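Q: This is the structure, below, for whatever I ask next.
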Amino acid sequence: MNGGIARYFSEIDKNTIENPIFRNLLQFAYLTFSEIETENWFIEAHQFRIEAKFNDSGKPTPEGIHRDGVDFVLMAMINRQNVQGGMTRIYDLNKNLKAEFMLENFLDIALVDDHQVYHSVTEIKVNDFTLGDIGLRDVLVITFKKA
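Residues in the sequence shown are numbered from 23 upward in steps of one, following the numbering used here.
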C-alpha cells in the first residue's frame with residue numbers, strides 16, 4: 023500500500039536494464055548520492071505510466087503530498103504525450119510549498135532528499151482531443167536507501 027493505494031510492479035525488462043540511458047542514469051544517481059552519504063545502497067527502480075482519458079484525469083501521486091520512505095529519489099521524465107498538468111511540487115517538512123516545476127522533456131530530472139522535503143505531482147488531463155482521447159506521462163523513479 024502506498025498512501026492507501028495498492029501498487030503492484032512487474033520486473034523491469036532486461037532490455038531496459040541493459041539500455042545505456044538507464045545505466046547512465048543509475049550511475050549518475052549512485053555517484054551523486056554516494057558523495058553525500060554511504061556507498062552501500064538498496065536501490066529500486068520503478069517505471070510509472072500514468073494515463074489520462076477522455077473524462078478521467080490521471081493521478082501521478084494519488085496519495086498526495088508525501089515522502090517515499092527512502093534516503094534519495096531521482097525522478098526522470100521519459101515521455102509526455104498529449105497531456106497538460108503533471109507539475110512536480112516540493113514542500114518543506116511543514117508541508118509549505120517551496121518550489122514547483124515541470125518535468126517536461128525527455129530526461130528532465132529532479133533529485134530529492136527524502137528526509138528534507140515532501141513532494142507531489144499534480145493530476146494530468148488530456149491536452150488536445152483532436153490528437154486522441156488518451157494522454158500519457160511516463161516517469162522513471164529510482165530510489166536509494168542506505169543498505
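We put the beta carbon where it would ideally sit given N, CA and C, even for glycine. Note that the structure is a prediction, hence the values are computed from the model and not measured.
Rounding to the nearest angstrom, what Cα-Cα distance links residue 67 and residue 44 in this structure?
A: Position 45 of the sequence shown, counted from the first residue, corresponds to residue 67. Position 22 of the sequence shown, counted from the first residue, corresponds to residue 44. Cα to Cα, residue 67 sits roughly 10 Å from residue 44.
Q: Would DSSP call residue 167 helix, strand or coil?
A: Counting from 1 along the sequence shown, the entry for residue 167 is found at position 145. Of the three classes helix, strand and coil, the one that applies to residue 167 here is strand, per DSSP.
Q: Please list the terminal residues of the continuous alpha helix (DSSP H) segment that includes residue 36.
A: Here residue 36 refers to the residue found at position 14 of the sequence shown. Note, residue 36: alpha helix (DSSP H), 36-40.
Q: Distance, Cα to Cα, residue 115 vs residue 42?
A: Stepping through the sequence shown from its first residue, residue 115 is reached at position 93. Stepping through the sequence shown from its first residue, residue 42 is reached at position 20. Taking the straight line from one Cα to the other gives about 36 Å.
Q: CA-CA distance, residue 37 and residue 162?
A: Position 15 of the sequence shown, counted from the first residue, corresponds to residue 37. Position 140 of the sequence shown, counted from the first residue, corresponds to residue 162. One C-alpha to the other measures close to 15 Å.
Q: Relative to the alpha-carbon of residue 140, which residue among 34, 56, 74 and 93 has its alpha-carbon at the smallest distance?
A: By one-based count along the sequence shown, residue 140 stands at place 118. The shortest C-alpha separation from residue 140 is found at 93.
Q: Between residue 106 and the rest of its own chain, which residues show a CB-CB distance below 6 Å, the 5 nearest in sequence each way excluded?
A: The sequence position of residue 106 within the sequence shown is 84, counting from 1. Excluding positions up to five away in sequence, the list reads 147 and 149.
Q: What is the DSSP secondary structure of residue 95, counted as helix, strand or coil?
A: Working through the sequence shown from its first residue, we reach residue 95 at position 73. Three-state result, residue 95: strand.
Q: In three-state DSSP terms, what is residue 151?
A: Here the question's residue 151 lines up with position 129 in the sequence shown. If DSSP states are grouped into helix, strand and coil, residue 151 belongs with the helices.
Q: Could you pull the start and end residues of the beta strand (DSSP E) that residue 68 belongs to?
A: As a position in the sequence shown, residue 68 is number 46, starting the count at 1. Looking at the DSSP string, the run of the beta strand (DSSP E) that includes residue 68 is 63-75.
Q: For residue 151, which residues in the same chain have their Cβ closer than 6 Å to its Cβ, ignoring the five residues on either side in sequence?
A: To locate residue 151, count along the sequence shown from 1; it is residue 129. If we look at residue 151 and ignore the five residues flanking it on each side, it has no Cβ neighbours.
Q: When you measure from the CB of residue 81 to every non-hydrogen atom of the ligand MG, does any distance come out below 7 Å?
A: Inclusion of the ligand MG in the displayed structure is not the case, the ligand content being empty and no account of it being possible.
Q: Using alpha carbons as the reference points, say which of 112, 145, 113 and 108 lies closest to residue 125.
A: Within the sequence shown, numbered from 1, the residue matching residue 125 stands at position 103. Selected option, being the one with the closest Cα: 108.
Q: Please report the residue range of the beta strand (DSSP E) in which residue 142 lies.
A: The residue given as residue 142 occupies position 120 in the sequence shown. That run of the beta strand (DSSP E) goes 140-143.
Q: To which residues does DSSP link residue 103 through a beta bridge?
A: Taking the first residue of the sequence shown as 1, we reach residue 103 at position 81. Its beta-bridge partners are 158.
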